[in-house]
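Using my numbering, you'd call the opening residue of the sequence shown number 184 and step up by one each time.
C-beta atoms are modelled at their ideal positions from N, C-alpha and C, and glycine is treated no differently.
Please read these numbers as outputs of a predicted model, since none were measured by experiment.
Report on the structure given below.
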Amino acid sequence: MDMKNKRFLFIMILLILSCFFSSVTANKPATCGYGTCDTWFSFDGINWHNTTYRNAELHRGESFFIKTMISTTKPDIHVSIRFFEVGVNSNDDASFEILDGYVTGIINQNFKQTYSFGIIDTPSKFEKIWKIKVCENASWWNATSPLNIFVDFNEQIGEGWGSEWIGDEISYTVATIYIKKSVFSPVDNSELVSENVKYLSLNHIIMISILIGLIFLSFLLKFKKH
Numbered sequence: 184m185d186m187k188n189k190r191f192l193f194i195m196i197l198l199i200l201s202c203f204f205s206s207v208t209a210n211k212p213a214t215c216g217y218g219t220c221d222t223w224f225s226f227d228g229i230n231w232h233n234t235t236y237r238n239a240e241l242h243r244g245e246s247f248f249i250k251t252m253i254s255t256t257k258p259d260i261h262v263s264i265r266f267f268e269v270g271v272n273s274n275d276d277a278s279f280e281i282l283d284g285y286v287t288g289i290i291n292q293n294f295k296q297t298y299s300f301g302i303i304d305t306p307s308k309f310e311k312i313w314k315i316k317v318c319e320n321a322s323w324w325n326a327t328s329p330l331n332i333f334v335d336f337n338e339q340i341g342e343g344w345g346s347e348w349i350g351d352e353i354s355y356t357v358a359t360i361y362i363k364k365s366v367f368s369p370v371d372n373s374e375l376v377s378e379n380v381k382y383l384s385l386n387h388i389i390m391i392s393i394l395i396g397l398i399f400l401s402f403l404l405k406f407k408k409h
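Below you can see the structure in the form of structure tokens.
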């Protein structure tokens, strides 16, 4: 292969790789003055997608998973967390319920309840997996419902009666979930596979195909020259 063809192939490969990596967004953890919070969404608890995850389609009664990774950057910080839906004020109106992932310090018994991790003595990073289900009797269906997270960081200033708590918070949408009217049944498990396959980006498949084509072209040019 002559220098001109080599240069052409080199430039094409660089362009394709730049497109590939630009299409993969590395979401940075949300931060505040006391720490960070990062979250992932999963249909099955195995394959994870960094959030915010857009337009996950789920049936009423179908469960999914949220993984939280929280870190503190200062000592003696009290950390608590809760999930919520904007505009939902009671458990009766909630589209979701938490099945697993509870920690100590339950403040109230509904979907919007706050879970306390207690006071974290030293700067730390800790992970929690939450199993959440779309309520079978959810009245909001054939529509999208955002699932939001709220993480509260607090530290105590001073001691005794003169002490006070100050802090900061992180809040954002973890996933936007399209709730189907139909109720989930075990037959629908096959859809989990198709959902995960669907999110293997078509762009990535195209780019890989082009790379294979370029490699084939380089061999073809090489043999043609000889």
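Arg265, buried or exposed, once every other Cβ within 10 Å from all chains shown has been counted against 16: Note on Arg265: 16 or more other CB atoms within 10 angstroms of its CB, so buried under the neighbour-count rule.
Nearest candidate by alpha-carbon position, reference Phe309, set Asp259, Ile253, Cys318 and Lys257: Each of Asp259, Ile253, Cys318 and Lys257 was checked against the Cα of Phe309, and the nearest Cα belongs to Ile253.
Burial state of Ser346, where buried means 16 or more other Cβ atoms lie within 10 Å: That one is exposed.
Extent of the continuous beta strand (DSSP E) run through Gln339: For Gln339, the enclosing beta strand (DSSP E) starts and ends at Ala326 to Ile340.
Among Glu352, Gly343, Thr327 and Ile395, nearest to Thr359 - alpha-carbon criterion: Thr359 has its Cα closest to that of Thr327, out of Glu352, Gly343, Thr327 and Ile395.
Close-in-space but distant-in-sequence residues of the same chain around Asp411 (CB under 7 angstroms, 5 per side omitted): No statement about residue 411 is possible, as the shown extent of the chain runs from 184 to 409 and does not include it.
Three-state secondary structure (DSSP) of Trp231: Note: Trp231 maps to coil in three-state DSSP.
Buried versus exposed, by CB contacts within 10 Å (16 or more), Asn251: Note that residue 251 corresponds to Thr in the displayed sequence, not to Asn. Burial call: buried.
Helix, strand or coil at Asp304 according to DSSP, with G and I counted as helix: Taken through DSSP and simplified to helix, strand or coil, Asp304 comes out as coil.
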